[in-house]
Structure formats: C-alpha cells, structure tokens
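Report on the structure given below.
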Amino acid sequence: MKNKTVCIVGLGYVGLPLAEAFSKHLKVIGYDIDEEKVKRLSDENNNEDNIEFTSDPAQIKQADFV
C-alpha cells in the first residue's frame, strides 16, 4: 500500500487536512479548481510533504484512489 497514490479532490477545510493526513503514509495528489489556491499551497509546501498540488484534472488519472 506504500506505493499507492491517493487523489483528494477539493482542498478546502476538509480536503486539505485529509490530504495532509494521507501524505504521512501515501503519495497524494491534491486537486482543486482554484489555481491561486493551488499555487499558494505549492509555494508553502516546498515539496517537503508527499503532496503534489494541481489544478489540472488530467492528473487525477494518475491516482490509484480518488
């Protein structure tokens, strides 16, 4: 299960903490339609966590679980 990828759709008050929790054990794609939010989260993250933030819906297909 360690090599699986989860996609969290929507990075609001539920989605973002959920993505952060999953990232402790799995690779996470955090998807949101708000490009400014995605840019801000990406800038704050600095690739320290196991999360990739995106506003590109094509990235959702890379996940094993959505």
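For the sequence shown, my numbering gives the first residue as 2, with consecutive numbering after it. Quick reminder that beta carbons are idealized off the backbone N, C-alpha and C, glycines included. Just so it is clear, the structure is predicted and the values come from calculations on it, not from any experiment.
Query                                                                                                  : Result
Exposed unless 16 or more other CB atoms sit within 10 angstroms - verdict on Tyr-32                   : buried
Chain B within 8 Å of Asp-50, Cβ atoms only                                                            : The structure shown contains no chain B; it is built from a single protein chain.
Beta strand (DSSP E) runs wholly inside the segment 11-66, at least 3 long, in chain order             : 28-32, 52-55
Buried or exposed (CB count within 10 angstroms, at least 16 for buried), Ile-9                        : buried
Cβ neighbours of Asp-65 in the same chain (closer than 6 Å, five flanking residues each side left out) : Lys-5, Thr-6
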